[in-house]
Every structure is written in C-alpha cells, then in structure tokens.
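The next block holds one structure in the form of structure tokens; read it before the comments.
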Amino acid sequence: LFFYGVIVAVGGLGVMGYLDAIARFAFQELGPKPANILIGALSALIDNIPVLYAVLVADPIMGRADWMLITLTTGCGGSILSFGSAAGVGLMGQEPKHYNFHKHLQWSWAI
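In structure tokens form, the structure reads like this:
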C-alpha cells in the first residue's frame, strides 16, 4: 500500500508537469552524468524506488551507460542512510537495539 501511494504521488507529479521540468533541467542543463549522481545522492534521503520510478516516468534521453549509472547510483544511494530504503526502515523497526541509525553510519564507509 505504501509503494502504491508513492507511485500514485509520483504519477501525479508527472501529470502536473513537475517531473518533466525537473528532468529537463537536470538532464539537459547539468548533463546525464552529474544528474544521475545527484539523483543517486537524493535516493539516500528518499526511498530509491520512487526516485527511480520518477526518472522512468520523466523518460530522459540517455545512452545505455547513463541508464546503468542511474541504476547503480540509486541502488547505492538508497543504502547510504538507513532510512533511504524501505528495508532499512523495516530493520530499524524490528531490531532497534541491534540496528539503528548510528550503527548504520558506522558501516557507511563500506557502501
């Protein structure tokens, strides 16, 4: 239900034209590589699934290497902070004594 709501919200942003405006700025003004790295960093703060879905809805014109870069950056970006992915949030809720935000940051260097 959570992901359904997020995808509907992202779809609404796409219909209103916000995603197109952001994608046009990011991918045309900055270029695909800096935009993909910026989106990867954003996925550390926002769950990586809706971030990547927003990129897919915006459908920027990129080469194969740039599509591979965005999947890599959003996948890794979602793991940098524990609340950047649904799995991290779920694990913090299940094991608050063993896994919390501080303990996750101790291992961020490995990511």
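Position one of the sequence shown corresponds to residue 32 (the working numbering), numbered consecutively onward. By construction, the Cβ of each residue, glycine as well, lies at the ideal position given by its N, Cα and C atoms.
So, residue i versus residue j, is the Cβ gap smaller than 8 Å?
| i | j | result |
| --- | --- | --- |
| Ala75 | Gly108 | yes |
| Asn67 | Asp97 | yes |
| Val41 | Pro81 | yes |
| Met99 | Pro63 | no |
| Gly45 | Val88 | yes |
Go ahead and pull the three-state DSSP assignment for residue i.
| i | result |
| --- | --- |
| Met122 | Before going further, note that residue 122 is Leu rather than Met in the sequence given. Here Leu122 sits in helix by DSSP. |
| Trp98 | helix |
| Asp51 | helix |
| Val76 | According to the sequence displayed, residue 76 carries Leu and not Val. In the structure shown, Leu76 sits in coil (DSSP, three-state: anything other than H, G, I, E or B). |
| Pro63 | helix |
| His133 | helix |
| Ile92 | coil |
| Leu103 | helix |
| Leu83 | helix |
| Leu32 | coil |
| Leu112 | coil |
Rounded C-beta distance between residue i and residue j? I'm assuming under 8 Å.
| i | j | result |
| --- | --- | --- |
| Asp78 | Ala54 | The Cβ separation is near 19 Å, so there is no contact. |
| Leu50 | Ala85 | 6 Å |
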